[in-house]
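Take a look at the structure below.
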Amino acid sequence: MFAKETYINRRAQLKNKLSNGIALIMGNVDASTNYLHNTYHFRQDSTFLYFFGIDLQGLAGVIDLESGEEMLFGDDFTVDDIIWMGPQAKLADNAAKVGVSKTYPFAKLGEVIAQAQKQGRTVHFTPPYRGKNMMTMGDLLNVHPNKVKEMASLELIKACISIRSIKEPAEIEEMDRHMAVGHQMHTTAMRMAQEGLSEQEITGILEAISISGGGMVSFPIICSIHGETLHNHYHGNTLKNGDLLLVDAGSESPLHYATDNTRTSPVGGKFSQQQKEIYQIVLDANNNALAATKPGVTYKDVHLLAAKTIATGLKELGLMKGDVDQAVAEGAHALFFPHGLGHMIGLDVHDMEDYNDTLVGYDDEVKRSAQFGLSALRLGRKLEENFTITNEPGIYFIPALIDKWKADKHLSEFINYSKVESYKGFGGIRLEDDILLTKEGSRIMGDRIPITIDEVEKTISGK
Ligand code: GLY
Ligand code: MN
Ligand code: MN
Numbered sequence: 012m013f014a015k016e017t018y019i020n021r022r023a024q025l026k027n028k029l030s031n032g033i034a035l036i037m038g039n040v041d042a043s044t045n046y047l048h049n050t051y052h053f054r055q056d057s058t059f060l061y062f063f064g065i066d067l068q069g070l071a072g073v074i075d076l077e078s079g080e081e082m083l084f085g086d087d088f089t090v091d092d093i094i095w096m097g098p099q100a101k102l103a104d105n106a107a108k109v110g111v112s113k114t115y116p117f118a119k120l121g122e123v124i125a126q127a128q129k130q131g132r133t134v135h136f137t138p139p140y141r142g143k144n145m146m147t148m149g150d151l152l153n154v155h156p157n158k159v160k161e162m163a164s165l166e167l168i169k170a171c172i173s174i175r176s177i178k179e180p181a182e183i184e185e186m187d188r189h190m191a192v193g194h195q196m197h198t199t200a201m202r203m204a205q206e207g208l209s210e211q212e213i214t215g216i217l218e219a220i221s222i223s224g225g226g227m228v229s230f231p232i233i234c235s236i237h238g239e240t241l242h243n244h245y246h247g248n249t250l251k252n253g254d255l256l257l258v259d260a261g262s263e264s265p266l267h268y269a270t271d272n273t274r275t276s277p278v279g280g281k282f283s284q285q286q287k288e289i290y291q292i293v294l295d296a297n298n299n300a301l302a303a304t305k306p307g308v309t310y311k312d313v314h315l316l317a318a319k320t321i322a323t324g325l326k327e328l329g330l331m332k333g334d335v336d337q338a339v340a341e342g343a344h345a346l347f348f349p350h351g352l353g354h355m356i357g358l359d360v361h362d363m364e365d366y367n368d369t370l371v372g373y374d375d376e377v378k379r380s381a382q383f384g385l386s387a388l389r390l391g392r393k394l395e396e397n398f399t400i401t402n403e404p405g406i407y408f409i410p411a412l413i414d415k416w417k418a419d420k421h422l423s424e425f426i427n428y429s430k431v432e433s434y435k436g437f438g439g440i441r442l443e444d445d446i447l448l449t450k451e452g453s454r455i456m457g458d459r460i461p462i463t464i465d466e467v468e469k470t471i472s473g474k
């Protein structure tokens, strides 16, 4: 964990932003896979990690926003627990490491919540996303578990977003350091982009690198010769020369900060001329977006710049036509780039998405668009120094979407459908970097993973 002061300061910031009631921050418990004692790898709740730092099951924190009192609830191991799971530090000792002096058995939490409710005090909490916590909180709050989520505190959510969006120096250090593991995952995937290997074999090696490097993968790996399916988790294909292998993969650092990168490699090591042309457009979109990313600019505008780069390139290839600005304004590029340019990244790969991604990525100044493509942009708001975000433009040829738009003659003044037909089967290309907003602009976190056509071809060929 970070130094004790880090957690004390974070809770102090929260207390500065909220002035009434209590904040209940629930940790996670183990979740079973196929029977009670066969569990998924434990993942602590990110809000709990952020404010209380203890990476263990069965805890809850309470912050009294009026008196300033801070409490941790949890049960020490019994001898029976120790027999199976080994000795564990006492809750009081763990609590001291994060600057909390008051600890109680978990059963006491019910009394504290009941007392607050009896006094008419607000119990603030963020929306639970796991069934077990919904049930526990239903019991604590004396409401049906299905009602808990809608009782979440907008005030607490907004306070958490404003604090967590600005990454502290220690967080940036942790993220920068762990980017080396993401780098190794992606350069390994590039070297494995060879005919005869399967997506599954590559995926397994990437998971192994992540775990050996400090943590689990930060989201299920996308490793596919069908990169046109944006979140493709099928790994049953065998690679052959001429395929494009899209790998979107990341790792959690020991303190649970995520990496999230995408690279797209030509199987066998040589891009075809057609692949090079599309790849270079995506790379130009990525580089143009990086250059434009700085404090004070909205990410919606950066997204639109990437969209314009894509539309311009596709027009040069004869796939799009007409006025580029108008095409982008009407969302014609979204046939090829139907997702957003990026999202915040931190303790979660889509940082704070459990709170609600529109609240994280938008504000009173920048509202979320309803237009197809742009509506998928998770981060549209004005950028600030020390935000950590992703930059992930892509071009995809999705047969079902092409067929639908073509049948509807949708935006046909901007799309050359007969030429687009000939790209069916191309797949998809996405290039994703993690970037830090600096005082003047932005920089890629860690060493940039090979990305130019020459760098990628050389890496695949082991040069
Ligand atoms: N890995 C999912 C994403 O890039 O957002
Ligand atoms: Mn990704
Ligand atoms: Mn991403």
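Counted the way our numbering counts, the sequence shown spans residues 12 to 474. We put the beta carbon where it would ideally sit given N, CA and C, even for glycine. All values derive from a computational prediction rather than experimental measurement.
Which residues does DSSP pair with residue 247 in a beta bridge?
None; residue 247 has no bridge partner.
Note down, one range per segment and in chain order, each alpha helix (DSSP H) of at least 4 residues found wholly within the stretch 104-151.
119-129
Less than 8 Å separating the Cβ of residue 271 from some heavy atom of ligand 1?
yes
Once you ignore the five residues that flank residue 247 on each side, which residues in its own chain have a CB closer than 8 Å to its CB?
209, 210 and 211
Let me check understanding here. Comparing Cα to Cα, which of 423, 386, 409 and 394 lies closest to residue 178?
The residue with the shortest Cα to Cα distance from residue 178 is 394.
Could you tell me how far apart the beta carbons of residue 399 and residue 447 are, in whole angstroms, since I believe they sit closer than 8 Å?
Yes, residue 399 and residue 447 are in contact; Cβ-Cβ is about 5 Å, under 8 Å.
Give a yes or no on whether the C-beta atoms belonging to residue 132 and residue 27 are separated by under 9 Å.
No, Cβ-Cβ distance for residue 132 and residue 27 is not below 9 Å.
Would residue 62 be called buried (16 or more neighbouring beta carbons within 10 Å of its own) or exposed?
buried
Here's the rule: buried if 16 or more other CB atoms are within 10 angstroms of the residue's CB, otherwise exposed. What is residue 311?
Counting Cβ neighbours within 10 Å, residue 311 comes out buried, since at least 16 surround it.
Which runs of the beta strand (DSSP E) at least 3 residues long sit entirely within the stretch 383-468? Give them in chain order.
Correct list: 399-402, 405-407, 439-441, 444-448 and 453-455.
Can you tell me whether residue 478 is helix, strand or coil according to DSSP?
What the structure shows of the chain is the stretch from 12 to 474, and residue 478 is not part of that stretch, so it cannot be assessed.
What first and last residue would you give for the alpha helix (DSSP H) that runs through residue 17?
Residues 15-28.
Are the Cβ atoms of residue 240 and residue 436 separated by less than 9 Å?
Between residue 240 and residue 436, the C-beta gap is not smaller than 9 Å, which leaves the two residues out of contact.
At a threshold of 8 Å, does residue 259 count as lining ligand 1 (C-beta to nearest heavy atom)?
Residue 259 has its Cβ nearer than 8 Å to a heavy atom of ligand 1.
For residue 295, I'd like the list of residues in its chain whose CB is within less than 6 Å of its CB, leaving aside the five on either flank, ordered along the chain.
320
Work out the CA separation of residue 42 and residue 227 for me, nearest whole Å.
16 Å
Let me know if residue 223 comes out buried or exposed under the rule of 16 or more other beta-carbons within 10 Å of its beta-carbon.
exposed
Taking only heavy atoms of ligand 1 into account, decide whether any of them is closer than 8 Å to the Cβ of residue 230.
yes
Any chance the CB of residue 289 is under 8 Å from a heavy atom of ligand 3?
No; taking the cut-off as 8 Å, the Cβ of residue 289 has no heavy atom of ligand 3 nearer than that.
With the cut-off set at 9 Å, would you say residue 293 and residue 406 are in Cβ contact?
yes
Are the beta-carbon atoms of residue 434 and residue 137 separated by less than 9 Å?
No, Cβ-Cβ distance for residue 434 and residue 137 is not below 9 Å.
If you draw a straight line from the alpha carbon of residue 376 to that of residue 268, how long is it in whole angstroms?
29 Å
Between the alpha carbons of residue 69 and residue 441, how many angstroms are there, rounded?
39 Å
If I measure Cβ to Cβ from residue 166 and keep anything under 7 Å in the same chain, skipping five residues before and after, which residues do I get?
29 and 135
With a threshold of 8 Å (Cβ to nearest heavy atom), would residue 263 be considered close to ligand 2?
no
If we ignore side chains and look at the alpha-carbon of each, how far apart do residue 112 and residue 273 end up?
44 Å
Three or more beta-carbon pairs under 8 Å between the stretch 193-203 and the stretch 445-462, yes or no?
Verdict: yes, contact present.
Roughly how many whole angstroms lie between the Cα atoms of residue 97 and residue 55?
19 Å
Just verifying my parser: in three-state terms, what is the DSSP assignment at residue 57?
helix
Return the chain-ordered list of same chain residues with a C-beta closer than 7 Å to the C-beta of residue 326, the five sequence neighbours on each side being excluded.
332 and 335
Which residue comes first and which comes last in the beta strand (DSSP E) that contains residue 258?
Here the beta strand (DSSP E) through residue 258 covers 255-260.
Given that a residue counts as buried once 16 or more other Cβ atoms are within 10 Å of its Cβ, and exposed if not, what is residue 263?
buried
Consider the C-beta atom of residue 313 and the heavy atoms of ligand 1; say whether any pair is separated by less than 8 Å.
No, since every heavy atom of ligand 1 falls outside the 8 Å radius drawn around the Cβ of residue 313.
Please list, in chain order, all residues of the same chain as residue 374 whose beta carbon is under 7 Å from its beta carbon, the five residues on each side excluded.
392
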